[in-house]
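**Student:** Structure in structure tokens, see below.
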Amino acid sequence: MPKRLCITILLIIGLLSTGCAPAFFAAGAGAGYLVSQKGSLKKVDRFFKNFGRSIRQTTRKIYSEKRTGQQIAYNSKKGLVLSIRKNEISPTRVKKGERVKLTLRYVLMGAPASGLQLKEKSRLMHGGKELSVLKTDSTNRENGTWENTLTFVVPESATSGRYTVVQELNVQRVRRSSSRSFTVL
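With numbering that gives the first Met the number 0 applied, the sequence shown corresponds to residues 0 to 184, in that order.
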């Protein structure tokens, strides 16, 4: 078995055992390391462990179905409504090692009392390429207004420049997405 293939297989097994596989597959090319270089295997592993540990997320329902319905003048004839009400990122200029915070507020109306399966995904992009999946989640959501907060630390190994976070929501056949950018100094 060629040395590079063996190292790649060992890396994938290591990432699967630490729970970092989705980030590796999404960001492996963007990490800036070649597995075949001496010592780079440890650098890649450390990069993803540190980055993965820094990601924090919270989701909370901030308004009830009744209040949300009043705010958006909802009636059942509108059917399923999924809309993004707020998408913010702060700070917009950040140094390596500093924390970035994303806030996404959205409305879901027209779901049955038992709720609907909502898929959320947040991706970090740089130079037109996907570097990492920051969040991927599928959960049951009831009608109302929801707020998702996602924070992460910019790794010391990040390249200076403009980064974009793309956030996507999917429920049944309705899809909404938005993006916000920040600059690493």
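By construction, the Cβ of each residue, glycine as well, lies at the ideal position given by its N, Cα and C atoms.
1) Looking at the strands, I want to know which residues DSSP matches up with Val93.
2) Less than 8 Å between the beta carbons of Lys118 and Arg104, yes or no?
3) Please list the terminal residues of the continuous beta strand (DSSP E) segment that includes Gln56.
4) On the three-pair Cβ rule with 8 Å, is the segment 160-172 touching the segment 119-132?
5) Would DSSP call Gly143 helix, strand or coil?
6) Is DSSP giving Gly68 helix, strand or coil here?
7) So, does the segment 152-160 touch the segment 75-85, judging by three or more C-beta pairs under 8 Å?
8) Does Ala112 pass the burial test, meaning 16 or more other C-beta atoms within 10 Å, or should it be called exposed?
9) Evaluate Thr57 with the Cβ neighbour count: other Cβ atoms within 10 Å of its Cβ, from every protein chain shown; 16 or more gives buried, anything less gives exposed.
10) I'd like to confirm the pairing. Which residues does DSSP put opposite Tyr105 in its beta bridges?
11) Determine, using beta carbons only, whether Tyr171 and Ser137 come nearer to each other than 8 Å.
12) What are the start and end residues of the beta strand (DSSP E) that includes Val188?
13) To the nearest angstrom, how far is it from the Cα of Pro90 to the Cα of Ala157?
**Tutor:** Once the coordinates are examined:
1) Val183
2) no
3) Arg55 to Tyr62
4) yes
5) strand
6) helix
7) no
8) exposed
9) exposed
10) Ile83 and Trp145
11) The question names Tyr, but residue 171 is Gln in the sequence shown. No. Outside cutoff.
12) No answer is possible for residue 188: the residues shown for the chain start at 0 and end at 184.
13) 16 Å
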